[in-house]
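*Asks:* In UniProt numbering, the protein residues as written are 1 to 582. Quick reminder that beta carbons are idealized off the backbone N, C-alpha and C, glycines included. Can you keep this structure in mind? I'll have questions shortly.
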């Protein structure tokens, strides 16, 4: 007798005439000691799940909520078998190297995920607040670049001619408004171009060597996004993709912060987020750009006007029919960790000045940029303590919301930014990718009620993990750490929208332990930890503990979210209940 496993022939070790008696001695799954083992195993799994940060949320689910979660679990399982099956053939399988599976790399899965039933369900979900998003990477570029081309007076200029593929791939170029249209200049696509000369944008776009205006937009997108190819080339390492990532912002900042474009940008961003179920945004922005008023080709001396427009557009959107139900937005001021002491101090001083003028619009302070390439928090302690002293003297509350642990290291300066972030009193941790390596810090984060802002797709595209399946968020949830899901830089990273559905979908489809209830807990956390208003540290922590039992803005919005969640669960049961049963 021969056994066959996956077409591999193995010699039989047990003769046929002996197999019947051997088989008779194998215990049945109905045997009491097997049943006892299985019961003990299930009890152990259940005991561990009680430590999860989403445990209490699951326990408090209504009957409708539980039914919705079961329906979504069945739909997820069905789609894993029918859509994300490695045995399937087709275009996607070929692109993915012949292998299609749940939790595959985002850039390879994006088109297919957007056609699934699970996508429809996640898209509809009330997602609460977006806590980690860099403003200048929020609006879809097809829309933004069309606005750029339609804006009168916009010009393009470069440090060198862009007449070759090599130059167009790496040369620095920018945009700016000019009162007088510069027509008839030597083409920027010609070797005769004079470095730094502004060229009327529409003229330059129409003359683009490969396809005119359509080709120009495609080229501009390639210079301001992490392309699909760059996204999956993990062998090039973190530093390489960060160089491309950083270069995108230097181009985008010369587009967005011309006032007519900025106003349109703001409305588009808020509309896309609200349509995606997001009602509040804690934005981050590094103030390394110059802001220009409409019709002016000289920049503003400060960011006062920008914040005035920022606040005005938020209120206009909230008052509009399309903005009905939107809670609003605030700004976490972000300095660059790579700068020297003087520049950081000047930036901090500008932050305090704007906070005093627009206290309702500035919610906190952070340092950004590639952590591995910048100064660790321990090196900027003098600046940070100076900042806290100045805030106290001016009577303003500007808490820390630090990026920390967005790295692969273990014990490196970058990894140890987590220790400084916690010790310096950060209210949330941006990314916290390496936090799972630090058991003591995990306990401190839980005790101090610090939330971790997780950005799975960003961490994948920026080469910290190969796909959502190797992301550390499940480890943090299992250890009881409070987390939220965020989209970080969606326009640059390839989501093509300001919404969060891609990250939510990836998490739901990727991790068996999460489910709709786990996703709901992450959304609820975003409301619980949002920076709606100025609060001192004591009030902040108490407000988070009180949750819906409090009597402030946070409690009211958590109650609103709970109502929306229940309505959402009812929609799932009504819309998909019969399908799931079938």
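#1: With H, G and I counted as helix, E and B as strand and the rest as coil, what does DSSP make of residue 455?
#2: Please tell me whether residue 225 and residue 251 are closer than 7 Å, where the distance is taken between their beta carbons.
#3: Along the chain, where does the alpha helix (DSSP H) containing residue 14 start, and where does it finish?
#4: Going by other Cβ atoms of all chains shown within 10 Å of its Cβ, with 16 needed for buried, is residue 89 buried or exposed?
#5: Give the C-beta separation of residue 549 and residue 238 to the nearest angstrom, bearing in mind that I take them to be a contact with Cβ-Cβ under 8 Å.
#6: Over what stretch of residues does the beta strand (DSSP E) that includes residue 176 continue unbroken?
#7: Express the C-alpha separation of residue 342 and residue 355 in angstroms, rounding to a whole number.
#8: For residue 37, does the count of other Cβ atoms within 10 angstroms reach 16, so buried, or fall short, so exposed?
#9: CB-CB under 7 Å to residue 138, same chain, minus the five flanking residues each way: which ones, in chain order?
#10: Roughly how many angstroms separate the alpha carbons of residue 18 and residue 82, rounded to a whole number?
#11: Counting C-beta neighbours from all protein chains within 10 Å, is the total for residue 369 16 or more, i.e. buried, or is it exposed?
#12: Starting from residue 53, trace the beta strand (DSSP E) both ways and give me its first and last residue.
#13: Determine, using beta carbons only, whether residue 372 and residue 407 come nearer to each other than 7 Å.
#14: In whole angstroms, give me the CA-to-CA distance for residue 43 and residue 465.
#15: Is DSSP giving residue 258 helix, strand or coil here?
#16: Mapping the DSSP letters down to three states, classify residue 479 as helix, strand or coil.
#17: What would DSSP say about residue 543, mapped onto helix, strand or coil?
#18: Looking only at its chain, what residues have a beta carbon closer than 7 Å to the beta carbon of residue 534, apart from the 5 residues adjacent to it on each side?
#19: Measure the alpha-carbon distance for residue 412 versus residue 447 and round it to whole angstroms.
#20: Give me the Cα-Cα distance between residue 365 and residue 34, rounded to the nearest whole angstrom.
#21: Span of the beta strand (DSSP E) holding residue 612?
#22: What's the gap between the Cα of residue 23 and the Cα of residue 71?
#23: Excluding the 5 residues preceding and the 5 following residue 302 in the sequence, name in chain order all residues of the same chain whose CB lies nearer than 6 Å to its CB.
#24: Could you have a look at residue 45 and say whether DSSP puts it in helix, strand or coil?
#25: Compare the beta carbon distance of residue 422 and residue 67 with 7 Å and say whether it is the shorter of the two.
#26: I believe residue 361 touches residue 430 by the beta-carbon criterion, under 8 Å. Please report the beta-carbon distance rounded to the nearest angstrom.
#27: Tell me where the alpha helix (DSSP H) around residue 296 begins and ends.
#28: Report back the beta-carbon spacing between residue 508 and residue 519 to the nearest angstrom; my notes put them in contact at under 8 Å.
#29: Three-state secondary structure (DSSP) at residue 488?
#30: Please classify residue 385: is it buried, with 16 or more other beta-carbons within 10 angstroms of its beta-carbon, or exposed?
*Replies:* The structure says:
#1: Along the chain shown, one-based indexing puts residue 455 at 455. It is coil, neither helix nor strand.
#2: By 1-based counting over the chain shown, the position of residue 225 is 225. By 1-based counting over the chain shown, the position of residue 251 is 251. Their beta carbons are not under 7 Å apart, which means residue 225 does not touch residue 251 by this criterion.
#3: Locating residue 14 in the chain shown gives position 14, where the first residue counts as 1. Counting along the chain, residue 14 falls outside any alpha helix (DSSP H), and DSSP gives it neither H nor E.
#4: Taking the chain shown and counting its residues from 1, the one referred to as residue 89 is at position 89. Only weak support exists for where residue 89 lies, its pLDDT of 49 falling under 50; the value from the coordinates is given anyway. With fewer than 16 Cβ atoms within 10 Å of its Cβ, residue 89 is classed as exposed.
#5: Locating residue 549 in the chain shown gives position 549, where the first residue counts as 1. Locating residue 238 in the chain shown gives position 238, where the first residue counts as 1. Taking the Cβ atoms as the reference, residue 549 lies roughly 43 Å from residue 238, outside the contact range of under 8 Å.
#6: Position 176 of the chain shown, counting from 1, holds the residue named residue 176. Residues 173-177.
#7: Here residue 355 corresponds to residue number 355 of the chain shown, with the count starting at 1. Here residue 342 corresponds to residue number 342 of the chain shown, with the count starting at 1. Whole-angstrom Cα-Cα distance: 20 Å.
#8: On the chain shown, position 37 is the one that residue 37 refers to. Within 10 angstroms of the beta-carbon of residue 37 lie fewer than 16 other beta-carbons, which makes it exposed.
#9: Position 138 of the chain shown, counting from 1, holds the residue named residue 138. Excluding positions up to five away in sequence, the list reads 269, 490, 491, 498.
#10: Along the chain shown, read from residue 1 onward, the residue named residue 18 stands at position 18. Along the chain shown, read from residue 1 onward, the residue named residue 82 stands at position 82. The straight-line gap from Cα to Cα measures roughly 42 Å.
#11: Here residue 369 is taken as the residue at index 369 of the chain shown, counted from 1. Buried, because 16 or more other Cβ atoms sit within 10 Å of the Cβ of residue 369.
#12: Here residue 53 refers to the residue found at position 53 of the chain shown. No beta strand (DSSP E) contains residue 53, which DSSP labels as neither H nor E.
#13: In the chain shown, the residue the question calls residue 372 occupies position 372. In the chain shown, the residue the question calls residue 407 occupies position 407. Yes, they are a contact pair.
#14: Here the question's residue 43 lines up with position 43 in the chain shown. Here the question's residue 465 lines up with position 465 in the chain shown. Taking the straight line joining both Cα atoms gives about 32 Å.
#15: The residue labelled residue 258 in the question sits at position 258 within the chain shown. Taken through DSSP and simplified to helix, strand or coil, residue 258 comes out as strand.
#16: Counted from its first residue, the chain shown places residue 479 at position 479. It is coil, neither helix nor strand.
#17: Here residue 543 is taken as the residue at index 543 of the chain shown, counted from 1. Three-state DSSP puts residue 543 in a helix.
#18: In the chain shown, counting from the first residue as 1, residue 534 sits at position 534. Correct list, in chain order: 359, 397.
#19: Here residue 412 is taken as the residue at index 412 of the chain shown, counted from 1. Here residue 447 is taken as the residue at index 447 of the chain shown, counted from 1. Each residue's Cα considered, the two are about 24 Å apart.
#20: The sequence position of residue 365 within the chain shown is 365, counting from 1. The sequence position of residue 34 within the chain shown is 34, counting from 1. Their backbone Cα atoms lie some 57 Å apart in a straight line.
#21: Not covered by the structure: residue 612. The range shown for the chain is 1 to 582.
#22: As a working note, residue 23 is residue 23 in the chain shown. As a working note, residue 71 is residue 71 in the chain shown. Answer to the nearest angstrom: the Cα atoms are 40 Å apart.
#23: As a first step, residue 302 must be located in the chain shown, where it is residue number 302. Nothing listed; no residue qualifies.
#24: As a working mapping, residue 45 is identified with position 45 in the chain shown. If DSSP states are grouped into helix, strand and coil, residue 45 belongs with the helices.
#25: By one-based count along the chain shown, residue 422 stands at place 422. By one-based count along the chain shown, residue 67 stands at place 67. Between residue 422 and residue 67, the C-beta spacing is not below 7 Å.
#26: In the chain shown, counting from the first residue as 1, residue 361 sits at position 361. In the chain shown, counting from the first residue as 1, residue 430 sits at position 430. In fact, because the Cβ distance is near 20 Å, the residues do not count as touching under 8 Å.
#27: Within the chain shown, residue 296 is the residue found at index 296, counting from 1. That residue, residue 296, is in no alpha helix (DSSP H); it is neither H nor E in DSSP.
#28: As a first step, residue 508 is located in the chain shown; it is residue number 508 there, counting from the start. As a first step, residue 519 is located in the chain shown; it is residue number 519 there, counting from the start. About 5 Å; that satisfies the 8 Å criterion.
#29: Your numbering for residue 488 matches position 488 in the chain shown. Note: residue 488 maps to strand in three-state DSSP.
#30: Mapped onto the chain shown, residue 385 falls at position 385. Result: exposed.
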